[in-house]
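**Q** For the sequence shown, position 347 (counting from the first letter as 1) is numbered 409 according to our numbering, and the numbering increases by one without interruption.
One structure follows; several queries about it will come next.
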Amino acid sequence: MAAIAGGFEWFDDLVWGPPLLILLLGVGIFLTVSLRGLQVSRLPLAARMVFTPHKESASKKGDLTSFAALCTALAATIGTGNIVGVATAVSIGGPGALFWMFVAAFFGMATKYAECLLAVHFRETDSRGRYVGGPMFYIRNGIGKKYPRLAAVLAFMFALFGIMAGCLGIGTYTQINSIVEAGAQLGVDRLYSAIAVTLIVGWIIYGGLKYIANTSRTVVPVMAMVYIVCCLVVVGLNISAVPDAIMLIVKSAFTTTSAVGGFAGATVLMAMQKGVARGIFSNEAGLGSAPIAAASAKTNSPVEQGLISMTGTFLDTMIICMLTGLTLVLTGAWSSEETGVAMTTLAFSQTLGSTAGLYIINISLLFFAMTTIIGWNFYASRCVIYLFGARAVTPFKIIFIMFVASYILIVLFVDMGDATQKMAINTVWTLSDIANGLMAFPNLIALFMLRKVIWSDTRDYFNNLKMKRQKAAIEEK
Numbered sequence: 063m064a065a066i067a068g069g070f071e072w073f074d075d076l077v078w079g080p081p082l083l084i085l086l087l088g089v090g091i092f093l094t095v096s097l098r099g100l101q102v103s104r105l106p107l108a109a110r111m112v113f114t115p116h117k118e119s120a121s122k123k124g125d126l127t128s129f130a131a132l133c134t135a136l137a138a139t140i141g142t143g144n145i146v147g148v149a150t151a152v153s154i155g156g157p158g159a160l161f162w163m164f165v166a167a168f169f170g171m172a173t174k175y176a177e178c179l180l181a182v183h184f185r186e187t188d189s190r191g192r193y194v195g196g197p198m199f200y201i202r203n204g205i206g207k208k209y210p211r212l213a214a215v216l217a218f219m220f221a222l223f224g225i226m227a228g229c230l231g232i233g234t235y236t237q238i239n240s241i242v243e244a245g246a247q248l249g250v251d252r253l254y255s256a257i258a259v260t261l262i263v264g265w266i267i268y269g270g271l272k273y274i275a276n277t278s279r280t281v282v283p284v285m286a287m288v289y290i291v292c293c294l295v296v297v298g299l300n301i302s303a304v305p306d307a308i309m310l311i312v313k314s315a316f317t318t319t320s321a322v323g324g325f326a327g328a329t330v331l332m333a334m335q336k337g338v339a340r341g342i343f344s345n346e347a348g349l350g351s352a353p354i355a356a357a358s359a360k361t362n363s364p365v366e367q368g369l370i371s372m373t374g375t376f377l378d379t380m381i382i383c384m385l386t387g388l389t390l391v392l393t394g395a396w397s398s399e400e401t402g403v404a405m406t407t408l409a410f411s412q413t414l415g416s417t418a419g420l421y422i423i424n425i426s427l428l429f430f431a432m433t434t435i436i437g438w439n440f441y442a443s444r445c446v447i448y449l450f451g452a453r454a455v456t457p458f459k460i461i462f463i464m465f466v467a468s469y470i471l472i473v474l475f476v477d478m479g480d481a482t483q484k485m486a487i488n489t490v491w492t493l494s495d496i497a498n499g500l501m502a503f504p505n506l507i508a509l510f511m512l513r514k515v516i517w518s519d520t521r522d523y524f525n526n527l528k529m530k531r532q533k534a535a536i537e538e539k
């Protein structure tokens, strides 16, 4: 077991080594500069689009409202990464990991805008008349016109790794384990939790796209707001320590963090690697997963959907993940012997009391993990449609539910000691990181190769918007 775990960790370090980190940040910086800091200058406009009700007209093409598409994407992104992932990054990379997580999210907003714009621009309909899209489609329909062989390879790679991530990594075992363990902390038998997850997931998945979207649209805003408020309470009760905490985060991003308490110490490279990796694991900017949901949005404007989708990265990482990380640093939980969810629980318990901390974190984790499973099932099913056609969706649903249900067998028959169990859980998280990293490569290459489409759509949209505003101003006079 130790040899297998070590092998996966070696490959994970290889995948998430300097090449991918440079590619992720490089593409994000390139898009930020070429789009003139759109994630800052156009964020107020994007926020208004999200929170302003839109009348859906028959002329708008798509299957979901833009808000429902955003919530479906957020269902997958706001998950265990916001609680467990942040704590894992800090426990290995130190407080400096939070700084690099923030940096990756800032540039990732431009990346998310670009990939979701392309998803709508190059989307198509499947044999059932439903809109499908994402990296595999904009690779085929965009790059494929000039480089068909390269496009075929890149699109196949993305779809394959997307299915792997959905079934073997971020979409199943990491989330189910979090749910089962959270339930155990609340006194629910692990077997009952595993059975309940299987039944609920099966029920929602068989309800189809609209059911998934309606569930996401209802659950995501509520669970995000409750968790944000709880984090703000912890920060507010420790407000005097906030300046020192921020200084520690920034300083640790550029200098080696010494060992303290249960923290073993970390180099700058470790802080950068874990911060970027866990940040991307949480907000998925550059992975190409969110564009799959964006492609179903009922809109005629790729730019508008890109702007709306961009706010997802802002909410997920620059607000929720940063608040989680700040609570860990403010309370000193980052330097404790605890890791993962136990570290976050400790941070809340020290401020709000052990009972409140236990319930806030574990109930949040239950909802976060459940919606992530649902969101990633949707992503993986779209990859299946690309590779095998719409008829393969029903068999895939059965296979996906079997993967979820297999955790019941693990609970029943696998008896592992604490050390072995911890190693197994870490290995599953490592597999998720690997699958995510492998998805990112073809997507980021596509974003760079299709940069002219991104620039052209953006320029035309804002030029038209400017003309409309000038015309409205003249008419008012």
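In this text, a Cβ means the ideal position worked out from N, Cα and C, and glycines have one as well.
According to DSSP, tyrosine 193 sits in a beta bridge with which residue or residues?
**A** Paired residues: Thr187.
**Q** Would you verify that the beta carbon of alanine 328 is, or is not, closer than 8 Å to some beta carbon of chain C?
**A** Checking the listed chains, one finds no chain C in this structure; it contains a single protein chain.
**Q** Taking the continuous alpha helix (DSSP H) assigned at arginine 340, which residues delimit it?
**A** Taken as a continuous stretch (DSSP letters only), the alpha helix (DSSP H) holding arginine 340 covers 330-345.
**Q** Restricting to Cα atoms, I'd like to know which of Ser358, Ile241, Val338 and Ile447 is closest to alanine 502.
**A** Nearest option by C-alpha distance: Val338.
**Q** At the level of alpha carbons, what is the spacing between isoleucine 354 and serine 302?
**A** About 43 Å.
**Q** Mind pulling the alpha helix (DSSP H) runs of 4 or more residues that sit fully within the stretch 439-479?
**A** Complete alpha helix (DSSP H) runs here, min 4: 455-475.
**Q** Where do the ends of the alpha helix (DSSP H) carrying proline 353 lie?
**A** 352-356 is the extent of the alpha helix (DSSP H) around proline 353.
**Q** Hey, how far is the Cα of serine 314 from the Cα of threonine 386?
**A** Near 17 Å, if we compare the C-alpha coordinates of threonine 386 and serine 314.
**Q** Report yes if the CB atom of isoleucine 423 is closer than 8 Å to the CB atom of isoleucine 145, and no otherwise.
**A** Going by C-beta atoms, isoleucine 423 is nearer than 8 Å to isoleucine 145.
**Q** Going by Cα to Cα distance, which pick from Met285, Leu93, Thr492 and Leu160 is closest to leucine 428?
**A** Among Met285, Leu93, Thr492 and Leu160, the Cα nearest to that of leucine 428 belongs to Met285.
**Q** Quick check: the Cα distance between glycine 571 and phenylalanine 465, rounded to an integer number of angstroms?
**A** One cannot answer for residue 571 here, as it falls past the ends of the chain, which runs 63 to 539.
**Q** Between the alpha carbons of alanine 534 and alanine 108, how many angstroms are there, rounded?
**A** Roughly 21 Å between the two C-alpha positions.
**Q** What do you get for threonine 434, buried or exposed, if any count of 16 or more other CB atoms within 10 angstroms of its CB means buried?
**A** When all chains shown are included, threonine 434 counts as buried.
**Q** Of the choices Ala352, Leu420, Val288 and Trp396, whose alpha-carbon is the least far from that of glycine 437?
**A** Looking at the Cα atoms, Ala352 is the closest of the given residues.
**Q** For glycine 298, which option in Tyr448, Ala256, Ser153 and Thr393 has the closest C-alpha, if you only look at C-alpha atoms?
**A** The option with the nearest alpha carbon to glycine 298 is Thr393.
**Q** Which residue's Cα is closest to the Cα of isoleucine 290: Asn439, Ile382, Ile266 and Phe223?
**A** Nearest of Asn439, Ile382, Ile266 and Phe223 to isoleucine 290, Cα basis: Ile382.
**Q** Measure the CB-CB distance between glycine 195 and alanine 452 and report whether it falls below 8 Å.
**A** In this structure, alanine 452 does not lie closer than 8 Å to glycine 195 by Cβ.
**Q** Threonine 177 and leucine 527: beta carbons closer than 8 Å?
**A** According to the sequence as given, residue 177 is glutamate; it is not threonine. Contact: no.
**Q** Here's the rule: buried if 16 or more other CB atoms are within 10 angstroms of the residue's CB, otherwise exposed. What is proline 504?
**A** Burial call: buried.
**Q** What three-state label does DSSP hand threonine 319 in the structure shown?
**A** Three-state result, threonine 319: strand.
**Q** Counting C-beta neighbours from all protein chains within 10 Å, is the total for phenylalanine 553 16 or more, i.e. buried, or is it exposed?
**A** Lying outside 63 to 539, the shown extent of the chain, residue 553 is not represented and no answer is given.
**Q** In the DSSP output, which residue or residues are listed as bridge partners for alanine 167?
**A** Paired residue(s): none; alanine 167 is not in a bridge.
**Q** Closer than 7 Å by C-beta to glycine 264: which residues in its own chain qualify, once you throw out the five before and the five after it? Chain order, please.
**A** Excluding positions up to five away in sequence, the list reads Ile463.
**Q** Enumerate in chain order the residues of its own chain whose CB-to-CB distance from serine 119 is below 7 Å, with the five nearest sequence positions on each side excluded.
**A** Here the model assigns serine 119 a pLDDT of 49, short of 50, so the residue's position is not dependable, and the following value carries that caveat. None.
**Q** Which first and last residues belong to the alpha helix (DSSP H) in which alanine 108 is found?
**A** Per DSSP, alanine 108 belongs to the alpha helix (DSSP H) from 105-113.
**Q** Tell whether a beta-carbon distance below 8 Å holds between methionine 163 and phenylalanine 376.
**A** No, these two residues do not count as a Cβ contact at 8 Å.
**Q** Measuring alpha carbon to alpha carbon, tell me which of Pro81, Phe161 and Tyr175 ends up nearest glutamine 101.
**A** Answer by Cα proximity: Tyr175.
**Q** Distance check for alanine 328 and tryptophan 78, CA to CA, integer angstroms please.
**A** The straight-line gap from Cα to Cα measures roughly 17 Å.
**Q** Measure the Cβ-Cβ separation of glycine 147 and leucine 180 and say whether it is below 8 Å.
**A** Against a cut-off of 8 Å, the Cβ pair of leucine 180 and glycine 147 comes out as no contact.
**Q** Rounded to whole angstroms, what is the Cα-Cα separation between leucine 493 and glutamate 186?
**A** The straight-line gap from Cα to Cα measures roughly 31 Å.
**Q** Looking at C-beta atoms only, is the number of pairs between the stretch 147-160 and the stretch 405-413 that lie closer than 8 Å three or more?
**A** Contact holds: three or more Cβ-Cβ distances are below 8 Å.
**Q** Just to confirm the assignment, what range does the alpha helix (DSSP H) spanning phenylalanine 223 have?
**A** It spans 210-230 - the alpha helix (DSSP H) in which phenylalanine 223 sits, taken as one unbroken run.
**Q** Mind checking who alanine 159 pairs with in its DSSP beta bridge?
**A** DSSP lists no partner for alanine 159.
**Q** I think alanine 217 touches arginine 202, with their Cβ atoms under 8 Å apart; what is that distance to the nearest whole Å?
**A** 5 Å between Cβ atoms; contact.
**Q** Taking the beta carbon of glutamate 537 as the centre, do at least 16 other beta carbons fall within 10 Å, making it buried, or is it exposed?
**A** So glutamate 537 ends up on the exposed side.
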